[in-house]
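Residue numbers for the sequence shown follow our numbering, so the first one is 1 and each next one is one higher. Heads up: the structure comes next, in C-alpha coordinates.
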Amino acid sequence: MQSAPVLRIATRASALALWQAEHVAGLLRLAHGELEIELLTVSTEGDRRLDVPLSEIGGKGIFATEVQAAVLDGRADLAVHSAKDLPAVTAAELCLAAIPTRGDARDALVGSSLKDLRPGAVVATGSARRRALLAEMRPDLQFEELRGNMATRLAKAEQFDAIVVAAVAFERLGLQQHLSELLETEEFVPQVGQGALAIECRVDDAKTAALLAAIEHKPSRLCVEAERAFLAELGGDCSLPAGAHAQISADAQISLSAVLAHEVGGQVLHESARGEDPESLGRSLAASLRQQLNP
(Lines of atoms letter the chains of each structure in order from A and count residues from 1; the text may use other names and numbers.)
(Lines give C-alpha, C1' and ligand atoms only; values in the text may rest on other atoms or scores of the structure.)
Protein backbone atom coordinates (compact mmCIF):
# COMPACT_ATOMS: atom_id res chain seq x y z
CA MET A 1 0.00 0.00 0.00
CA GLN A 2 1.39 3.36 -1.03
CA SER A 3 1.96 5.76 1.85
CA ALA A 4 0.28 9.17 1.85
CA PRO A 5 2.46 12.02 0.58
CA VAL A 6 4.07 14.28 3.15
CA LEU A 7 2.87 17.88 3.30
CA ARG A 8 5.86 20.12 4.02
CA ILE A 9 5.48 23.49 5.75
CA ALA A 10 8.23 26.11 5.46
CA THR A 11 8.62 28.37 8.49
CA ARG A 12 11.10 30.50 10.36
CA ALA A 13 12.76 28.74 13.29
CA SER A 14 11.74 31.05 16.15
CA ALA A 15 9.50 29.70 18.91
CA LEU A 16 6.65 31.91 17.71
CA ALA A 17 7.03 30.87 14.06
CA LEU A 18 7.10 27.20 15.06
CA TRP A 19 3.94 27.69 17.14
CA GLN A 20 2.26 29.24 14.11
CA ALA A 21 3.33 26.43 11.77
CA GLU A 22 2.18 23.77 14.26
CA HIS A 23 -1.11 25.65 14.66
CA VAL A 24 -1.67 25.53 10.90
CA ALA A 25 -0.74 21.84 10.87
CA GLY A 26 -3.34 21.25 13.59
CA LEU A 27 -6.00 23.14 11.64
CA LEU A 28 -5.26 21.07 8.54
CA ARG A 29 -5.49 17.80 10.47
CA LEU A 30 -8.75 18.93 12.05
CA ALA A 31 -10.17 19.74 8.63
CA HIS A 32 -8.89 16.69 6.74
CA GLY A 33 -8.15 14.00 9.29
CA GLU A 34 -4.68 12.63 9.78
CA LEU A 35 -2.17 14.17 7.39
CA GLU A 36 1.54 13.47 7.27
CA ILE A 37 3.02 16.92 7.89
CA GLU A 38 6.64 17.96 8.32
CA LEU A 39 8.13 21.35 9.17
CA LEU A 40 11.05 22.79 7.24
CA THR A 41 12.77 25.53 9.26
CA VAL A 42 14.42 28.33 7.32
CA SER A 43 16.83 31.02 8.52
CA THR A 44 15.97 34.49 7.20
CA GLU A 45 18.05 37.63 6.88
CA GLY A 46 15.92 39.29 9.55
CA ASP A 47 16.70 36.46 11.98
CA ARG A 48 20.44 36.51 11.28
CA ARG A 49 21.09 40.27 11.41
CA LEU A 50 19.80 41.10 14.87
CA ASP A 51 22.44 43.80 15.43
CA VAL A 52 21.03 46.04 12.68
CA PRO A 53 17.79 48.07 12.93
CA LEU A 54 15.08 46.83 10.59
CA SER A 55 14.95 50.22 8.88
CA GLU A 56 18.58 49.77 7.78
CA ILE A 57 18.32 46.17 6.56
CA GLY A 58 15.45 46.68 4.18
CA GLY A 59 11.76 45.97 3.95
CA LYS A 60 9.33 43.33 5.10
CA GLY A 61 10.85 40.71 2.80
CA ILE A 62 13.75 40.14 5.21
CA PHE A 63 11.47 37.79 7.19
CA ALA A 64 9.72 36.16 4.22
CA THR A 65 11.92 35.85 1.12
CA GLU A 66 13.90 32.77 2.16
CA VAL A 67 10.78 31.03 3.48
CA GLN A 68 9.04 31.72 0.17
CA ALA A 69 12.09 30.39 -1.72
CA ALA A 70 11.65 27.00 -0.03
CA VAL A 71 8.18 26.76 -1.58
CA LEU A 72 9.27 28.08 -4.97
CA ASP A 73 12.11 25.56 -5.32
CA GLY A 74 9.99 22.63 -4.15
CA ARG A 75 11.54 21.97 -0.75
CA ALA A 76 8.18 22.79 0.84
CA ASP A 77 4.54 22.79 -0.27
CA LEU A 78 3.39 25.80 1.71
CA ALA A 79 4.79 28.62 3.83
CA VAL A 80 3.35 30.02 7.05
CA HIS A 81 4.09 33.68 7.77
CA SER A 82 3.01 36.28 10.26
CA ALA A 83 0.88 38.36 7.90
CA LYS A 84 2.55 41.52 9.17
CA ASP A 85 5.91 40.23 7.84
CA LEU A 86 4.63 39.55 4.33
CA PRO A 87 5.26 42.23 1.68
CA ALA A 88 2.07 43.63 0.16
CA VAL A 89 3.30 42.52 -3.29
CA THR A 90 4.81 39.03 -3.47
CA ALA A 91 6.15 36.63 -6.11
CA ALA A 92 3.80 35.97 -9.04
CA GLU A 93 4.45 32.22 -8.69
CA LEU A 94 2.92 32.20 -5.19
CA CYS A 95 -0.64 32.75 -4.02
CA LEU A 96 -1.99 33.73 -0.63
CA ALA A 97 -3.98 30.52 -0.29
CA ALA A 98 -5.44 30.92 3.20
CA ILE A 99 -5.82 33.30 6.11
CA PRO A 100 -7.14 31.43 9.17
CA THR A 101 -9.11 33.11 11.95
CA ARG A 102 -7.17 36.14 13.09
CA GLY A 103 -5.78 36.53 16.60
CA ASP A 104 -5.49 39.68 18.72
CA ALA A 105 -4.26 42.57 16.54
CA ARG A 106 -3.38 44.91 19.40
CA ASP A 107 0.01 46.17 20.48
CA ALA A 108 0.91 45.95 24.15
CA LEU A 109 3.31 47.47 26.65
CA VAL A 110 5.53 45.32 28.86
CA GLY A 111 7.03 46.88 31.99
CA SER A 112 4.55 49.69 32.57
CA SER A 113 1.24 51.08 31.44
CA LEU A 114 1.38 54.25 29.37
CA LYS A 115 -0.02 56.49 32.10
CA ASP A 116 2.42 55.14 34.67
CA LEU A 117 5.54 55.81 32.61
CA ARG A 118 7.69 58.50 34.26
CA PRO A 119 8.33 61.77 32.37
CA GLY A 120 11.08 61.16 29.82
CA ALA A 121 10.78 57.40 30.12
CA VAL A 122 12.71 55.18 27.69
CA VAL A 123 10.58 52.83 25.60
CA ALA A 124 12.21 50.22 23.35
CA THR A 125 10.78 49.21 19.98
CA GLY A 126 12.15 48.71 16.49
CA SER A 127 8.92 49.92 14.87
CA ALA A 128 8.68 53.45 13.46
CA ARG A 129 4.87 53.19 13.61
CA ARG A 130 4.91 52.37 17.31
CA ARG A 131 7.33 55.20 18.02
CA ALA A 132 5.25 57.70 16.06
CA LEU A 133 2.02 56.75 17.84
CA LEU A 134 3.63 56.76 21.29
CA ALA A 135 5.28 60.13 20.60
CA GLU A 136 1.88 61.51 19.58
CA MET A 137 0.36 60.34 22.88
CA ARG A 138 3.40 61.11 25.05
CA PRO A 139 5.80 63.61 23.40
CA ASP A 140 8.16 63.35 26.40
CA LEU A 141 9.09 59.72 25.75
CA GLN A 142 12.53 58.62 24.56
CA PHE A 143 13.05 55.59 22.31
CA GLU A 144 15.65 52.85 21.92
CA GLU A 145 16.00 50.08 19.34
CA LEU A 146 14.76 46.57 20.17
CA ARG A 147 15.24 43.44 18.03
CA GLY A 148 15.08 39.69 18.62
CA ASN A 149 12.56 36.96 19.32
CA MET A 150 9.98 37.29 22.08
CA ALA A 151 12.13 35.63 24.74
CA THR A 152 15.02 37.96 23.90
CA ARG A 153 12.79 41.01 24.04
CA LEU A 154 11.33 39.96 27.37
CA ALA A 155 14.81 39.40 28.78
CA LYS A 156 15.81 42.91 27.67
CA ALA A 157 12.67 44.57 29.04
CA GLU A 158 14.24 45.36 32.42
CA GLN A 159 16.82 47.55 30.67
CA PHE A 160 14.07 50.03 29.72
CA ASP A 161 11.01 51.61 31.31
CA ALA A 162 8.84 49.64 28.88
CA ILE A 163 8.95 47.73 25.61
CA VAL A 164 6.25 47.39 22.95
CA VAL A 165 5.22 44.00 21.58
CA ALA A 166 2.42 42.41 19.58
CA ALA A 167 -0.02 41.11 22.18
CA VAL A 168 -0.76 37.99 20.12
CA ALA A 169 2.90 36.91 20.17
CA PHE A 170 3.00 36.82 23.97
CA GLU A 171 -0.44 35.16 24.11
CA ARG A 172 0.61 32.39 21.71
CA LEU A 173 3.78 31.71 23.69
CA GLY A 174 2.01 31.67 27.07
CA LEU A 175 3.68 34.91 28.19
CA GLN A 176 0.54 37.05 28.48
CA GLN A 177 1.08 37.54 32.22
CA HIS A 178 3.93 39.93 31.34
CA LEU A 179 1.67 42.32 29.40
CA SER A 180 1.21 45.56 31.35
CA GLU A 181 -1.30 47.26 29.03
CA LEU A 182 -3.13 46.39 25.83
CA LEU A 183 -3.27 49.36 23.45
CA GLU A 184 -6.68 49.52 21.78
CA THR A 185 -6.75 49.59 17.99
CA GLU A 186 -9.01 52.64 17.79
CA GLU A 187 -6.22 54.90 19.06
CA PHE A 188 -3.09 52.79 18.56
CA VAL A 189 -3.55 51.48 15.02
CA PRO A 190 -1.67 48.19 14.51
CA GLN A 191 0.68 47.14 11.75
CA VAL A 192 -0.93 45.82 8.58
CA GLY A 193 -1.80 42.15 9.10
CA GLN A 194 -0.87 42.06 12.78
CA GLY A 195 -2.39 39.09 14.58
CA ALA A 196 -3.11 37.19 11.35
CA LEU A 197 -1.35 34.28 9.68
CA ALA A 198 -0.72 34.24 5.93
CA ILE A 199 -0.28 30.89 4.18
CA GLU A 200 1.23 30.74 0.71
CA CYS A 201 1.56 27.93 -1.82
CA ARG A 202 2.56 27.73 -5.48
CA VAL A 203 -0.07 28.99 -7.92
CA ASP A 204 0.17 25.75 -9.90
CA ASP A 205 -0.30 23.50 -6.84
CA ALA A 206 -4.05 22.97 -6.91
CA LYS A 207 -3.92 20.06 -4.46
CA THR A 208 -2.28 22.06 -1.67
CA ALA A 209 -4.52 25.06 -2.39
CA ALA A 210 -7.59 22.83 -1.98
CA LEU A 211 -6.32 21.57 1.37
CA LEU A 212 -5.69 25.13 2.56
CA ALA A 213 -9.11 26.38 1.42
CA ALA A 214 -10.65 24.42 4.29
CA ILE A 215 -8.92 26.57 6.93
CA GLU A 216 -9.69 29.91 5.31
CA HIS A 217 -11.65 32.42 7.45
CA LYS A 218 -13.43 34.82 5.10
CA PRO A 219 -13.89 37.76 7.53
CA SER A 220 -10.18 37.64 8.43
CA ARG A 221 -9.30 37.45 4.72
CA LEU A 222 -11.37 40.55 3.88
CA CYS A 223 -9.83 42.54 6.72
CA VAL A 224 -6.25 41.58 5.89
CA GLU A 225 -6.82 42.21 2.17
CA ALA A 226 -8.06 45.75 2.92
CA GLU A 227 -5.00 46.41 5.09
CA ARG A 228 -2.61 44.95 2.50
CA ALA A 229 -4.22 47.04 -0.24
CA PHE A 230 -3.55 50.11 1.91
CA LEU A 231 0.12 49.16 2.17
CA ALA A 232 0.38 48.29 -1.54
CA GLU A 233 -0.92 51.73 -2.49
CA LEU A 234 1.76 53.33 -0.31
CA GLY A 235 4.42 51.43 -2.22
CA GLY A 236 4.19 47.79 -1.18
CA ASP A 237 6.81 48.08 1.54
CA CYS A 238 6.38 51.56 2.93
CA SER A 239 9.20 52.69 5.22
CA LEU A 240 7.14 55.55 6.64
CA PRO A 241 5.39 55.12 10.01
CA ALA A 242 2.11 53.60 8.80
CA GLY A 243 -0.53 51.19 10.03
CA ALA A 244 -4.01 49.97 9.20
CA HIS A 245 -6.65 47.86 10.92
CA ALA A 246 -9.91 46.56 9.47
CA GLN A 247 -12.99 45.06 11.08
CA ILE A 248 -16.20 43.60 9.66
CA SER A 249 -19.33 45.30 10.97
CA ALA A 250 -22.73 43.71 11.52
CA ASP A 251 -23.97 45.01 8.14
CA ALA A 252 -21.06 43.25 6.34
CA GLN A 253 -19.25 46.52 5.74
CA ILE A 254 -15.47 46.70 6.16
CA SER A 255 -14.39 49.46 8.54
CA LEU A 256 -10.77 50.44 7.94
CA SER A 257 -8.75 52.75 10.22
CA ALA A 258 -5.28 53.89 9.22
CA VAL A 259 -2.40 56.13 10.27
CA LEU A 260 0.46 57.69 8.33
CA ALA A 261 3.26 60.01 9.44
CA HIS A 262 6.34 61.63 7.89
CA GLU A 263 8.57 60.76 10.84
CA VAL A 264 8.57 59.98 14.54
CA GLY A 265 7.59 63.11 16.46
CA GLY A 266 5.95 64.68 13.40
CA GLN A 267 2.30 64.98 12.53
CA VAL A 268 0.41 61.68 12.61
CA LEU A 269 -2.58 61.54 10.29
CA HIS A 270 -5.55 59.37 11.26
CA GLU A 271 -8.43 58.50 8.95
CA SER A 272 -11.16 55.87 8.70
CA ALA A 273 -13.42 54.70 5.89
CA ARG A 274 -16.04 52.04 5.20
CA GLY A 275 -16.80 49.96 2.13
CA GLU A 276 -17.49 46.51 0.74
CA ASP A 277 -14.52 45.97 -1.58
CA PRO A 278 -11.27 45.52 0.39
CA GLU A 279 -8.95 46.44 -2.49
CA SER A 280 -10.60 49.74 -3.39
CA LEU A 281 -11.17 50.62 0.28
CA GLY A 282 -7.54 50.13 1.24
CA ARG A 283 -6.12 51.90 -1.78
CA SER A 284 -8.46 54.89 -1.57
CA LEU A 285 -7.71 55.42 2.13
CA ALA A 286 -3.96 55.26 1.47
CA ALA A 287 -4.27 57.74 -1.39
CA SER A 288 -6.22 60.12 0.83
CA LEU A 289 -3.66 60.01 3.64
CA ARG A 290 -0.76 60.35 1.20
CA GLN A 291 -2.39 63.42 -0.34
CA GLN A 292 -2.78 65.00 3.11
CA LEU A 293 0.82 64.23 3.97
CA ASN A 294 2.12 65.64 0.68
CA PRO A 295 -0.46 68.26 -0.40
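C-beta: ideal position from N, C-alpha, C; glycine also. Since this is a predicted model, take the numbers as computed values, not measurements.
Relative to L260, the option among A196, N149 and E187 whose CA is nearest is E187. Within its own chain, the residues whose Cβ lies closer than 6 Å to the Cβ of P219, once the five positions on either side in sequence are excluded, are I248, listed in chain order. Closest by C-alpha distance to D107, out of A167, P100 and A83, is A167. Ranked by Cα distance from V165, the options M137, L39, R131 and S288 are led by R131.
For the stretch 20 to 49, the continuous alpha helix (DSSP H) assignments of 4+ residues that do not extend past its boundaries occur at 45 to 48, in sequence order. The C-alpha of S257 lies about 43 Å from the C-alpha of P5. As for any beta strand (DSSP E) of minimum length 3 sitting wholly inside the stretch 125 to 162, the runs are 142 to 144, ordered along the chain.
Taking 8 Å as the upper bound for CB-CB distance, I9 and L30 are not in contact here, some 15 Å apart. The beta carbon of L133 is closer than 6 Å to those of F188 in its chain, skipping five residues each way along the sequence. Ranked by Cα distance from L234, the first of E184, N294 and L211 is N294. The three-state reading of DSSP puts A250 in coil, since its state is none of H, G, I, E or B. D107 carries a strand assignment under DSSP once its states are collapsed to helix, strand and coil. Under the three-state reduction of DSSP, L175 is assigned to coil, being neither helix nor strand. Taking 9 Å as the cut-off, the beta carbon of A83 is found no closer than this to the beta carbon of V268. A straight line joining the alpha-carbon of L96 with that of A15 spans about 23 Å. Here R228 carries a helix assignment [DSSP, helix/strand/coil].
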